[in-house]
Amino acid sequence: MADDEQLRTALVEDLDAGFEAVVRAHGDVVHAVARRTSDRAADAEDLAAEALLRAYRALRGYTPERIEGLTLRPWLLTILLNTARNDRRAAARRPRTDGVAPVPDRASPAPGPAEHAETGDLGDRLAGLLAELPVAQRTAVVLRHVVDLPVAEVAAVLHCSEGTARSHAARGLAALRTRLTADTTEETA
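Below, the structure written as structure tokens:
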């Protein structure tokens, strides 16, 4: 994988080829975060694609000096999270015209004992519990513990201090543990 300095140089020299290298280097992280911050898998693919398109469009207007100053992964993830937030706001303002409520890809956040027995998949349970966390905590947990970004990059994406980023991640993990323990206790009762 190319480092950020090489990627920035490639972007300055040839935007199209350079951006292709950026997507190869950071596209998996963008898609992973999109999957963990979206309610539906199809929405995650669209969200990641839209964020990458917005990044490319932004780069077309950047000066070489501005491109040289980018920290690419946090910059891409910031675009992704801003795009997700804007999409949620726009969806909340649009009334549904088909009369059908959206159906999430994930199971209900509170599955019954029969569902637990059938699936028994800890990953699905954690994904459901993760979706219940406040946005800042969910994002911090995903970036730090799922995508394994350093705390400094998590802080850059969340636009907060490193201490606050650590706090969001720690509180999110604590909430996940508490909810997972409560689910497990309910199953055995």
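At position 29 of the sequence shown (counting the first as 1) the number is 917 in my numbering, and the numbers step up by one without a gap.
Glycine is no exception: its CB is placed at the ideal position from the N, C-alpha and C atoms.
Check your understanding: Among Leu1031, Asn970, Leu965, Leu1068, which residue has its Cα nearest to the Cα of glycine 1011?
Key -> Walking along the sequence shown from the start, residue 1011 turns up at place 123. Nearest option by C-alpha distance: Leu1068.
Exercise for review: Compute the beta-carbon to beta-carbon distance between valine 1042 and leucine 1031, rounded to the nearest angstrom, for a pair I have assumed lies under 8 Å.
Suggested key: Along the sequence shown, read from residue 1 onward, the residue named residue 1042 stands at position 154. Along the sequence shown, read from residue 1 onward, the residue named residue 1031 stands at position 143. About 5 Å separates the two Cβ atoms, so the contact holds.
Check your understanding: Beta-carbon separation of alanine 905 and glutamine 894 under 9 Å?
Key -> Residue 905 sits at position 17 when you count from the first residue of the sequence shown. Residue 894 sits at position 6 when you count from the first residue of the sequence shown. Alanine 905 places its beta carbon 9 Å or farther from that of glutamine 894.
Practice item. Locate the alpha helix (DSSP H) running through tyrosine 944, then write down its first and last residues. Key: For the purposes of this step, residue 944 is taken as the residue at position 56 of the sequence shown. According to the DSSP assignment, tyrosine 944 belongs to the alpha helix (DSSP H) that extends over 929-948.
Practice item. Just the C-alpha distance for alanine 1057 and histidine 1047, rounded to the nearest angstrom, thanks. Key: Translated into positions along the sequence shown, residue 1057 becomes position 169. Translated into positions along the sequence shown, residue 1047 becomes position 159. Straight-line measurement puts the Cα of histidine 1047 at about 14 Å from the Cα of alanine 1057.
Review point. Should threonine 951 and threonine 1027 be called a contact, given that it needs their Cβ atoms to be closer than 9 Å?
Key: Position 63 of the sequence shown holds residue 951. Position 139 of the sequence shown holds residue 1027. Against a cut-off of 9 Å, the Cβ pair of threonine 1027 and threonine 951 comes out as no contact.
Point to revise | Inter-residue Cα distance where the pair is histidine 1004 and valine 921 | key: On the sequence shown, residue 1004 is found 116 positions in, with the first residue counted as 1. On the sequence shown, residue 921 is found 33 positions in, with the first residue counted as 1. Any reading at histidine 1004 must be qualified, since the residue scores a pLDDT of 46, below 50, and its modelled position is unreliable; the value itself is stated next. In a straight line, the C-alpha of histidine 1004 is about 26 Å away from that of valine 921.
Practice item. Would you kindly work out how many angstroms separate the C-alpha atoms of arginine 945 and isoleucine 967, rounded to a whole number? Key: Locating residue 945 in the sequence shown gives position 57, counting from the first residue. Locating residue 967 in the sequence shown gives position 79, counting from the first residue. Straight-line Cα distance between these residues: approximately 11 Å.
Exercise for review: Count the other C-beta atoms from every protein chain shown that fall within 10 angstroms of the C-beta of arginine 896, then say buried if there are 16 or more, exposed otherwise.
Suggested key: Position 8 of the sequence shown holds residue 896. By the Cβ-count criterion, arginine 896 is buried, with 16 or more other Cβ atoms from all chains shown falling within 10 Å of its own Cβ.
Review point. Looking at C-alpha atoms only, which residue of Asp916, Arg948, Glu953 is the closest neighbour of alanine 937?
Key: The sequence position of residue 937 within the sequence shown is 49, counting from 1. Looking at the Cα atoms, Asp916 is the closest of the given residues.
Check your understanding: Taking the alpha carbon of glutamine 1025 as the point to measure from, which residue in Leu958, Arg1059, Ala972, Phe907 has its own alpha carbon closest?
Key -> What you label residue 1025 is simply residue 137 of the sequence shown in a count that begins at 1. Comparing Cα positions, the closest option is Arg1059.
Practice item. Sort Asp975, Glu956, Val1035 by Cα distance to glutamate 901 and report the nearest one. Key: One-based indexing of the sequence shown puts residue 901 at position 13. Scanning Asp975, Glu956, Val1035 for the CA closest to the CA of glutamate 901 turns up Glu956.
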